[in-house]
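Reviewing the structure listed below.
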Amino acid sequence: MLKMDHPKEIQLNVTGAVSAQGSLSPKDPTASNYRLPSNPTPTNPIFQQSWKWWLMVAVEVVWVLAGQTVATLLGRLYFNEGGNSKWTATLVQSAGAPLLLVPLCLSRYFTKASPLARPPLHKLAIVYISIGLLIGGDNLMYSYGLLYLPVSTYSLICATQLAFNAIFSYFLNSQKFTILIFNSVVLLTFSAALLGVGSDSSGSPGEKYAVGFVVTLGASGTFSLILSLMQLSFEKVIKMETYLVVLEMQMCTNVVAAVVSVVGLFGSGEWRTLGQEMDNYQKGKVSYLMTLIWTAISWQVSSVGMLGLIFAVSSLFSNVVSTVALPLVPIFAVIFFHDKMDGVKVVAMLIAVWGFLSYIYQHYLDDLRAKKLAKKSSGRATNGSVTSP
């Protein structure tokens, strides 16, 4: 049973001074790894740079929502216009990893050397390869699910990823739940479920429907497991507070996933039909290539944002933001694909926003609680120094 208590965000420890890399995030003062700053006053860096943390989180939220929405719409465009390769759809979800070389090199050049020793190479290799293999398999399962299931059913099953993540976060990341966080999880899950039930769908053959249901459910659970394992890797293995490690993990794990997809593409023989697929693409060869390229870029933008949220907040919050994007897709589908917008979709979007704001408000309360506790501690320390002989 989930324990209703003050949330313990599982993040790297902040001891009151901003690290050399400038990474900072508000901590829950009730958490076991929370320490008051040595000079808990409004001039302390923990107060001066709190707004930077919120700004960073806001930017990463935009990346997740924009990247995931655009990638989903382009993925739909690929299938609508004549694309039918499951392994190609899987590959583009991780093929954009080399694009991260530029920001990775720039980040390595401008980031000060960390006083902390890097983990042994073999440990990093095990982490990156293991997570990369999971990502590759997860991408394939999502591709099969989208191929075999009606869109409504697919969206409904994808909503379960938040419930899966709540379970994994509780056991792997010691995530505790308050009423507001629990309310957020329920609302976001209900929003996506409402969208799935209210959407039009077409029937699928019984055997393929069963396969699609199982693989999509497995993909949702695997996706949630990946997020929790990434957070656990930051805490237990990497133990470094730089955005450099975020980019490094994103690129390395996606390179592994891309290799898995390439092996599958050639092993399945689908590569032989790619030329014909490009020729038969209704919008032309250039549009075919641009669709795949921008799909790959969009998935990388979304993935970097999600990994950044795991690093700065928690895997559960990252999944909350990802779930918010589910009701956004139909809104843009109305604009670009002329889909019908009904009352159910509007209600689903409003519920998703409500759930998202509920989670944000919980973090706002945690931030206020930390500041009040710090000020009280400062006042007691000041009074003690005045009255002491």
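Anchor point for the sequence shown: position 7 equals -11 in the working numbering, and the numbering is continuous, going up by one each time.
Every residue, glycine too, gets a C-beta built ideally from N, C-alpha and C.
Check, Outcome
"8 Å Cβ cutoff met for Val307 and Leu47", "Note that residue 307 is Ala in the sequence shown, not Val. Yes, these two residues count as a Cβ contact at 8 Å."
"Alpha helix (DSSP H) segment containing Val286, residue limits", "Lys267 to Ala294"
"Assigned secondary structure, Leu131 (DSSP; H/G/I helix, E/B strand, else coil)", "coil"
"Contact belief for Ala53 with Ser206 at Cβ below 8 Å, rounded distance in angstroms", "Actually they do not touch by this definition, with Cβ atoms about 19 Å apart."
"Of the listed residues Gly251, Leu226 and Ile149, nearest to Gly203 (C-alpha basis)", "Ile149"
"Euclidean distance between Cα positions of Met233 and Glu42", "17 Å"
"Contact test: Phe338 Cβ vs the ligand FAD heavy atom, cutoff 7 Å", "Ligands displayed in this structure: none; no statement on the ligand FAD is therefore possible."
"Option in Leu209, Ser243 and Glu217 with minimal Cα separation from Leu122", "Ser243"
"Top-ranked residue by Cα proximity to Gly65, from Glu217, Trp45, Glu252 and Gln50", "Glu252"
"Proximity to Ser304 [Cα-Cα], best of Asn262, Glu217, Val316 and Gly290", "Gly290"
"Simplified DSSP assignment, three categories, for Gly78", "coil"
"Lys68, enclosing alpha helix (DSSP H) - first and last residue", "Lys68 to Leu73"
"Continuous alpha helix (DSSP H) stretch holding Gly257: start and end", "Leu256 to Asn262"
"Same chain, Cβ closer than 7 Å to Met38, five either side skipped, listed in chain order", "Ala294"
"Leu199 versus Thr142: straight-line alpha-carbon distance, rounded", "8 Å"
"Whole-Å CB distance - Leu59 paired with Thr255, under 8 Å assumed", "Between Thr255 and Leu59 the Cβ distance is about 19 Å, and since that is not below 8 Å, they are no contact."
"Cβ separation of Ile208 and Leu144, assumed to be a contact under 8 Å, to the nearest whole Å", "The pair is not a contact, with the Cβ atoms about 14 Å apart (cut-off 8 Å)."
"Where Tyr91 falls, given that 16 or more other Cβ within 10 Å makes a residue buried", "exposed"
"DSSP state of Pro85 mapped onto helix, strand, coil", "helix"
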